[in-house]
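Just so it is clear: in the sequence shown, position 77 is 70 by the numbering used here, and no numbers are missing. Note sheet for the following structure.
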Amino acid sequence: MTKKSADEHAIDISLLHLSHAHEFAPLLASYAQALKRGAPRRPDDYYAENLLRDRTAEIAGARLDGILVGFVIFYDLPEPVSGMRAGQVDHIYVHHDHRGKGIAKALIDVLADKAEERGWTKLSLNAPRVPEDGRKLYEQVAAPADWTSFIIRFGNQ
-6 MTKKSADEHA IDISLLHLSH AHEFAPLLAS YAQALKRGAP RRPDDYYAEN LLRDRTAEIA
54 GARLDGILVG FVIFYDLPEP VSGMRAGQVD HIYVHHDHRG KGIAKALIDV LADKAEERGW
114 TKLSLNAPRV PEDGRKLYEQ VAAPADWTSF IIRFGNQ
């Protein structure tokens, strides 16, 4: 699917597949570095391949002028109250060189456009508390959720 950004670049959004692992790995490393604030991670094709093979996650990539510059990791889940389905976004990232061009919103718009076809009653958007700029888009396009999330961590992560 192609969307136009505010400055009229063509943003092409499509599902990523195993064949895209080498292209996806540097963007995934950049995302991890942005969240952890440490030294940049080395792109890891093996990790990108494992993520792209995952049975539950789907990954849509955004290309600007043919270059992969952003992604969203989402899930299609059962929605027990309605008996239908729901979408859930846990990770969305646009490379810092391409922010402010409407790419993240285009990724969310594409998922929202698929809601009826997938039988989704809602699309839940999970955002990190830090950095705060990760929530700005969600605050513009969605309402606060009925739930608060908590986490139990295992291992050293």
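Beta carbons: idealized from backbone N, C-alpha and C, even for Gly. Note that the structure is a prediction, hence the values are computed from the model and not measured.
Original post:
Exposed or buried, F147, counting other C-beta atoms within 10 Å across all chains shown (16 or more means buried)?
Top reply: exposed
Original post:
Quick one, are the C-beta atoms of R35 and A25 less than 8 Å apart?
Top reply: no
**OP:** Over the uninterrupted beta strand (DSSP E) stretch that includes K115, give me the two end residues.
**Re:** 113 to 118
Original post:
Can you round the beta-carbon distance between D69 and R78 to whole angstroms, since I take them to be within the 8 Å contact cut?
Top reply: 6 Å
Original post:
Taking the continuous beta strand (DSSP E) assigned at V82, which residues delimit it?
Top reply: 77 to 87
**OP:** Quick one: using the 10 Å Cβ neighbour count with 16 as the cut-off for buried, is A3 buried or exposed?
**Re:** exposed
Subject >> Where the alpha helix (DSSP H) containing P19 begins and where it ends >> reply: 14 to 29
Original post:
Are there three or more Cβ pairs, one per stretch, closer than 8 Å when the segment 60 to 74 is compared with the segment 8 to 20?
Top reply: yes
Original post:
Closest by CA to K129, which one among I85, S12, A105?
Top reply: I85
**OP:** Go ahead and label S142 buried or exposed: buried means 16 or more other beta carbons lie within 10 angstroms of its beta carbon, across all protein chains shown.
**Re:** exposed
Subject >> D5 (DSSP reduced to helix, strand or coil) >> reply: strand
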